[in-house]
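Worksheet for the structure shown next.
In this note's numbering, the protein residues as written are 14 to 132.
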């Protein structure tokens, strides 16, 4: 079974291959949402982008991003700031299937300024 390492929580969880990253995280007590999104989110339907994660290692073991994720990140007025500098590694946990070992950073910070902000 694949092992998912949650970096901020310093926790490793074994999950069945092909399982949903968000569901497995919540099942194991990992908080996937920050702030108001703990209460107001889309419950894993891929609509709000509040369960975004950065896959630090093992991106090849997480299913590829769909066109829906690219559209959602582009249309939302706030989430593009979260992607700056993390375009390749950021994905939605609710849309991600775990196929092998990976390391995940939950609730990544927004990049309101700094490197790669203006170009």
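Note that the Cβ used here is the ideal one computed from N, Cα and C, for glycine as well.
(message) Between which two residues does the alpha helix (DSSP H) holding residue 36 run?
(response) Segment 34 to 40, the alpha helix (DSSP H) holding residue 36.
(message) Taking the straight line between their C-alpha atoms, what separation do you get for residue 72 and residue 83?
(response) In this structure, the CA atom of residue 72 is about 16 Å from the CA atom of residue 83.
(request) List the DSSP bridge partners of residue 115. (result) Looking at the DSSP assignment, residue 115 forms a beta bridge with 17.
(message) Using the Cβ count rule (16 or more neighbours within 10 Å means buried), how would you classify residue 103?
(response) By the 10 Å Cβ count, residue 103 comes out buried.
(request) Assign residue 15 to buried or exposed, taking buried as 16 or more other Cβ atoms, counted over all protein chains shown, within 10 Å of its Cβ. (result) It counts as buried.
(request) Keeping to the same chain, check which residues put their C-beta closer than 6 Å to that of residue 120; ignore five residues upstream and five downstream. (result) So the list reads 47, once near-sequence residues are dropped.
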